[in-house]
Amino acid sequence: MATNRTIGPTTYAAGTVPNGYVCTKCEAAGVKLWREYQTAYTELYCAACAPRRKGSEGAEIDEKGYLVDEDGCRTDQIGPWLVPAVPLAEGDGYWGYTSVPKDGVVWWKALPTYGDAHLQAVRDAGLAEGADEATRGRALRAAEELGRRRMARLSPEELQQELGALERLMAQLDGARTPRV
Ligand SMILES: [Zn+2]
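Our numbering numbers the first residue of the sequence shown as 131 and each following residue consecutively.
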């Protein structure tokens with residue numbers, strides 16, 4: 131039986147999600163979610179759990195929330211009936227697919243598509259013995275995204291330290307290359 135999921139009010143402030151904005155399947159929070167089209171009381175799916183249409187089962191969803199479907203079209207509609215779940219500001223429902231206000235669109239797109247744990251699993255799968263090319267490709271993209279997130283989380287001081295360490299390393303390498311007299 132469908133239940134009315136109260137998801138809580140939102141201000142669409144970057145990176146904040148209302149309390150109940152959680153994947154129904156895996157309970158992932160803080161990531162983009164999709165909902166069933168034209169259903170008021172609904173299941174929520176994260177990118178990892180969203181059922182796919184036949185022919186695009188393996189399609190990756192990018193950081194903006196798009197995938198390239200089986201017809202070659204770039205779309206934020208997943209499977210035959212899932213659309214981005216953008217909560218109403220009051221938190222008692224969702225904007226219709228074509229009526230989401232601009233701040234809601236910006237908020238949704240800025241949420242990470244996959245959580246760190248999922249990206250780490252994808253990265254590790256690519257390192258496994260005998261991983262095929264597609265798996266290694268996905269792993270590389272996951273590793274790049276994890277790296278970007280790590281850099282984005284550093285404070286200006288930490289970033290300065292990282293750069294300082296890099297400079298020292300470069301100087302060391304340079305010293306090792308130049309013959310000493
Ligand atoms: Zn999920």
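Glycine included, every Cβ here is placed at the ideal spot set by N, Cα and C.
For clarity, every value in this text was computed on a predicted model and none was experimentally measured.
{"query": "With 16 as the cutoff for other CB atoms within 10 Å, does Arg307 come out buried or exposed?", "result": "exposed"}
{"query": "Does the Cβ of Cys153 lie closer than 8 angstroms to at least one heavy atom of ligand 1?", "result": "yes"}
{"query": "Rounded to whole angstroms, how far is the Cβ of Cys156 from the Cβ of Cys179, which I believe are closer than 8 angstroms?", "result": "5 angstroms"}
{"query": "Among Leu218, Tyr167, Gly226 and Glu275, whose alpha-carbon lies nearest the alpha-carbon of Trp211?", "result": "Tyr167"}
{"query": "Run through the DSSP bridge pairs and tell me what Thr205 is partnered with.", "result": "Leu197"}
{"query": "Rounded to whole angstroms, what is the Cα-Cα separation between Arg182 and Ser285?", "result": "38 angstroms"}
{"query": "Is Ala178 near ligand 1, with its Cβ less than 8 angstroms from a heavy atom?", "result": "yes"}
{"query": "Could you say which of Leu303, Tyr224, Ala144 and Gln207 lies nearest to Ala215 if we only look at CA atoms?", "result": "Tyr224"}
{"query": "Are the beta-carbon atoms of Val252 and Arg278 separated by less than 9 angstroms?", "result": "no"}
{"query": "Taking 8 angstroms as the cut-off, does the region 217-231 touch the region 141-156 (at least 3 CB pairs, one atom from each stretch)?", "result": "yes"}
{"query": "Quick check: is any heavy atom of ligand 1 less than 8 angstroms from the C-beta of Tyr175?", "result": "yes"}
{"query": "Put Leu174 into one of helix, strand or coil per three-state DSSP.", "result": "strand"}
{"query": "By the 10 Å Cβ neighbour count, where 16 or more other Cβ atoms means buried, how is Arg165 classified, buried or exposed?", "result": "buried"}
{"query": "Alpha carbon to alpha carbon, how far is Asp201 from Tyr244? Give it in angstroms, no decimals.", "result": "24 angstroms"}
{"query": "Helix, strand or coil: which one does DSSP assign to Val252?", "result": "helix"}
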